[in-house]
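What follows is a short report on a single structure.
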Amino acid sequence: MTISVAVIGAGMAGKAHAAAYRVAPTLYQSTLPPMRYKAIADINAELGAATARRYGYEEAVTDWRAIAEDPDIDVVSVVIANSLHLEVVRGLLDAGKHVLCEKPLSDTLEAGREMARLAREASTVARIGLTYRRTPGVAAIQRWIADGTLGRPLHFSGRYWCDYACSPDASMTWRYRGPMGSGALADVGSHLTYIAEFLGGPVKAVSGGAMSTVIPERPLPLGATVGHERAAVSEETARVENDDYAKFTAHLRDCDASLEVSRVAAGYPNGLNFEVFCENGAASFHQDTPSQVRLYLHDDHPATNGYRTVNLGSDHPYVQGGLPMDVAGVGFGQNEGFAYQARAFLEEVAGFPEEDSLPRNATFDDGLRNMEILEAVARSAEFNGKKVTP
Ligand SMILES: NC(=O)c1ccc[n+]([C@@H]2O[C@H](COP(=O)([O-])OP(=O)(O)OC[C@H]3O[C@@H](n4cnc5c(N)ncnc54)[C@H](O)[C@@H]3O)[C@@H](O)[C@H]2O)c1
388 MTISVAVIGA GMAGKAHAAA YRVAPTLYQS TLPPMRYKAI ADINAELGAA TARRYGYEEA
448 VTDWRAIAED PDIDVVSVVI ANSLHLEVVR GLLDAGKHVL CEKPLSDTLE AGREMARLAR
508 EASTVARIGL TYRRTPGVAA IQRWIADGTL GRPLHFSGRY WCDYACSPDA SMTWRYRGPM
568 GSGALADVGS HLTYIAEFLG GPVKAVSGGA MSTVIPERPL PLGATVGHER AAVSEETARV
628 ENDDYAKFTA HLRDCDASLE VSRVAAGYPN GLNFEVFCEN GAASFHQDTP SQVRLYLHDD
688 HPATNGYRTV NLGSDHPYVQ GGLPMDVAGV GFGQNEGFAY QARAFLEEVA GFPEEDSLPR
748 NATFDDGLRN MEILEAVARS AEFNGKKVTP
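Take a look at the structure:
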């Protein structure tokens, strides 16, 4: 058996997927079947070709249908604008491909519901890439909660602050189009909410929803855009349709969580950070220093008690046996999360039993549930912070 992979979308996250399939077989033991790196698809022909060359994929195509129709391709990552996910995923599942789709599942709840239905009926594996539960620091804190080191969470406070939209000169892209709630809330709030549930249990209700659009117009780009890269812009502008900033309280099974997301937080290119306060102490994580977490335990001597910094290494999830040098202090970042995610997906496609595999990726039903929570936040905001059950 050979697993032949393709990636649709060669933008910011598309490159991370293309690279992750390369790295995935090198993580842990060599138990995956041989891989074939078949194709990259992007309507931006130049970018697609450059990405295929850079990561050693055999060809670049400009129409995703070429991938759906290629009988040699087994596994496909869908890494394009959220509003395109439904059409492309439908075509791929119809063609019998295994699909790893980026978050959020889609741009509207209706499309998300249809995608979840398609996944339930598919004979192939369909998963969604909500990467952060595989971040070693996040996984370590979850383990300390579950094994009683930290014990039950009492209070969670999380932020995902980004600054990609803080300049009014940053061009219009697909990220600024779609209903309120599909902006910062869906883009990075999807991750933060999924992490909050990982640590504090499922969301029962949300309240205190508030959203704002603080830069109402953006210049149109003159050419193609990639991720958050600055593009040359025209004099013409278009209206920003969705939220630059959102906040809400998530009432989790174990505790309340105060969550805040922004794409206009100057100085925070990728500022995911949270603190969780528990029965036996507390822990905090910041994406700026992803190979460290801070831990506080009540049982230290009072005179010397305080937060300590823990360097993550071979005693922690994912790092242990998963990196070439798996010792503390070597460091790692967000790209490894994509590789762990790809490894878990390939293990599932290859038929590894769940107990011998990395934790499975989220299902499309999980992705739909994530969208339902964010939609409840948008409803809460619409009704002045009212409590809403997703
Ligand atoms: N998990 C994460 O950490 C993470 C990070 C960034 C983005 N994402 C997700 O990844 C997806 C893509 O985001 P991005 O920032 O990489 O976007 P991007 O704008 O950088 O890239 C999208 C690419 O899709 C291409 N494209 C557009 N229409 C296409 C089509 N019909 N067929 C093929 N290619 C097409 C564009 O030319 C562009 O190169 C989104 O769903 C986003 O939410 C996830």
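Each residue of the sequence shown is one higher than the one before, counting from 388 in the numbering used here.
The beta-carbon is built from N, C-alpha and C at its ideal position, and this holds for glycine as well.
* With DSSP as the reference, label A414 as helix, strand or coil. => Translated into positions along the sequence shown, residue 414 becomes position 27. Checking the sequence, you will find Leu at residue 414 rather than Ala. Looking at L414 - three-state DSSP - the assignment turns out to be coil, as it is neither helix nor strand.
* Using only the heavy atoms of ligand 1, determine whether one of them is closer than 7 angstroms to the beta carbon of K774. => By one-based count along the sequence shown, residue 774 stands at place 387. No, ligand 1 has no heavy atom inside 7 angstroms of this Cβ.
* Kindly confirm or deny that the segment 723–743 and the segment 469–482 touch, where touching means at least three C-beta pairs closer than 8 angstroms. => no
* Sorted by chain position, which residues of the same chain lie with C-beta nearer than 7 angstroms to L684's C-beta, five sequence neighbours on each side aside? -> As a first step, residue 684 must be located in the sequence shown, where it is residue number 297. Cβ within range, chain order: N667, G668.
* Asked: Do you know whose CA, among K484, T418, A453, lies nearest A506's CA?
  -> Within the sequence shown, the letter at position 119 stands for residue 506. Comparing Cα-Cα distances from A506 to each of K484, T418, A453, the minimum goes to K484.
* **DSSP-derived helix/strand/coil call for R546** => For the purposes of this step, residue 546 is identified with residue 159 of the sequence shown, where counting begins at 1. The answer is strand: DSSP assigns R546 an E or B state.
* Could you tell me whether any non-hydrogen atom of ligand 1 is closer than 7 angstroms to the CB of K484? => Reading the sequence shown from its first residue, position 97 is the one you call residue 484. No.
* Asked: CA-CA distance, G754 and A503?
  -> Start at 1 with the first residue of the sequence shown, and residue 754 comes out as number 367. Start at 1 with the first residue of the sequence shown, and residue 503 comes out as number 116. Distance between the alpha carbons of G754 and A503 is about 8 angstroms.
* Asked: From C642, Y519, S417, V466, pick the residue whose C-alpha is nearest to that of P746; which is it?
  -> By one-based count along the sequence shown, residue 746 stands at place 359. Closest by alpha carbon: Y519.
* Check whether the Cβ atoms of I582 and G545 lie closer than 8 angstroms to each other. => The residue you call residue 582 lines up with position 195 of the sequence shown. The residue you call residue 545 lines up with position 158 of the sequence shown. Going by C-beta atoms, I582 is nearer than 8 angstroms to G545.
* To do: Measure the CB-CB distance between V465 and E446 and report whether it falls below 8 angstroms.
  => Mapped onto the sequence shown, residue 465 falls at position 78. Mapped onto the sequence shown, residue 446 falls at position 59. In this structure, E446 does not lie closer than 8 angstroms to V465 by Cβ.
* Asked: Can you list the beta strand (DSSP E) stretches of 3 or more residues lying completely in the segment 474–529, in chain order?
  -> 485–489, 513–516
* To do: Confirm the yes/no value for this check: CB of E769, any heavy atom of ligand 1, distance under 7 angstroms.
  => Residue mapping note: residue 769 aligns to position 382 of the sequence shown, counting from 1. No - ligand 1 has no heavy atom lying nearer than 7 angstroms to the Cβ of E769.
* So V593 and T636 are in contact, right, with Cβ under 8 angstroms, and what is the actual spacing, rounded? -> Translated into positions along the sequence shown, residue 593 becomes position 206. Translated into positions along the sequence shown, residue 636 becomes position 249. At roughly 7 angstroms, the Cβ-Cβ gap stays under 8 angstroms, so V593 and T636 are in contact.
* Should H578 be labelled buried (16 or more other beta-carbon atoms within 10 Å of its own) or exposed? -> The residue labelled residue 578 in the question sits at position 191 within the sequence shown. It is buried - the Cβ of H578 has at least 16 other Cβ atoms within 10 Å.
* Check whether the Cβ of E759 lies closer than 7 angstroms to any heavy atom of ligand 1, and answer yes or no. => The residue you call residue 759 lines up with position 372 of the sequence shown. Result no, Cβ not under 7 angstroms from ligand 1.
* Asked: Using a Cβ-Cβ cut-off of 7 angstroms (strictly less than) and excluding sequence neighbours within five positions of E741, which residues of its own chain qualify?
  -> On the sequence shown, residue 741 is found 354 positions in, with the first residue counted as 1. Contacts found: R747.
* Counted within 10 angstroms of its Cβ, other Cβ atoms place E723 as buried (16 or more) or exposed -> As a working mapping, residue 723 is identified with position 336 in the sequence shown. By the neighbour-count rule (16 or more Cβ atoms within 10 Å), E723 is buried.
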